[in-house]
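In UniProt numbering, the protein residues as written are 1 to 114. One structure is given below, encoded as structure tokens.
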């Protein structure tokens, strides 16, 4: 399995999205990262933000760079995770936040271009 299970999907506005995701233990990204203590790689988290923004917010943009990306808490197998994505059109920037309960796991800003 490449993608998490989407438990809930909420389009807050045409530029804002909230997803509730389940991270199954058999998710491809947990294999080998790390064998004794699997965590979801940061690059996978960023890739999912880009994919969901394209699919659910209709963005047809290309990754240009990242700013202020913080991985504060590992995302573990079997966790339920909230992912909020906001599209700041005027700045051509996606702002994202992964959280478990009220605790921020990771957050950042992705700059896009045409």
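Don't be surprised by glycine CBs; every beta carbon is placed ideally from N, CA and C.
Between residue 86 and the set 13, 6, 37, the nearest pair of CA atoms involves 13. Nearest to residue 73 by alpha-carbon distance, out of 59, 2, 104, 17, is 104. Straight across, the Cα-Cα distance linking residue 55 with residue 19 is about 13 Å.
For a cut-off of 8 Å, the C-beta gap from residue 41 to residue 77 is around 13 Å, too long to register as a contact. Take residue 28, set aside five residues on each side of it, and the residues of its chain with a beta-carbon closer than 8 Å to its own are 1, 2, in chain order. Nearest C-alpha to residue 107 among 99, 22, 114: 99. With fewer than 16 other Cβ atoms inside 10 Å of its own Cβ, residue 25 counts as exposed.
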